[in-house]
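Student: The sequence shown maps to residues 1 to 112 in UniProt numbering. Glycine included, C-beta positions come from ideal geometry on N, C-alpha and C.
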Amino acid sequence: MKGTYLGEFEELVLLAVGILFDDAYGLAIVDELEHKTGRPIMMSAVHKVLVRLEDKGYLKSRMGGATQVRGGRDKRLYTLTAAGKKVLSQSRELRNSMWREVPKIVWEAGAL
Numbered sequence: 001m002k003g004t005y006l007g008e009f010e011e012l013v014l015l016a017v018g019i020l021f022d023d024a025y026g027l028a029i030v031d032e033l034e035h036k037t038g039r040p041i042m043m044s045a046v047h048k049v050l051v052r053l054e055d056k057g058y059l060k061s062r063m064g065g066a067t068q069v070r071g072g073r074d075k076r077l078y079t080l081t082a083a084g085k086k087v088l089s090q091s092r093e094l095r096n097s098m099w100r101e102v103p104k105i106v107w108e109a110g111a112l
């Protein structure tokens, strides 16, 4: 799995980009993450992760059209690359595999 490790927040950002599909830009990603996690999310943290994920080849970006809401400024839109989809799939497979190995007794009442 060398080179495919994702931190929790990186994984969440990639998932948010996938969920938002063709409308994945900074503020929309922050809003999606706050909605899904119920936690406050800093734009600066998302921005750092977006840059890192793009450097790793998991995301690509392009400039979108200007909008009135943004005061006429363009927004940077993100999409998953083939490598990004692959690393998300590998992450899901690893997590599912580990969840399946947790004995059922762990979840039963009275278990330590």
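Regarding Ile19 and the ligand MG, is the C-beta to nearest heavy atom distance less than 7 Å?
Tutor: Here there are no bound small molecules, and the ligand MG is not part of this structure.
Student: Assuming Thr37 is part of the alpha helix (DSSP H), what are its boundary residues?
Tutor: Gly26 to Thr37
Student: So for Leu59, helix, strand or coil by DSSP?
Tutor: strand
Student: Distance, Cα to Cα, Ile41 vs Leu33?
Tutor: 7 Å
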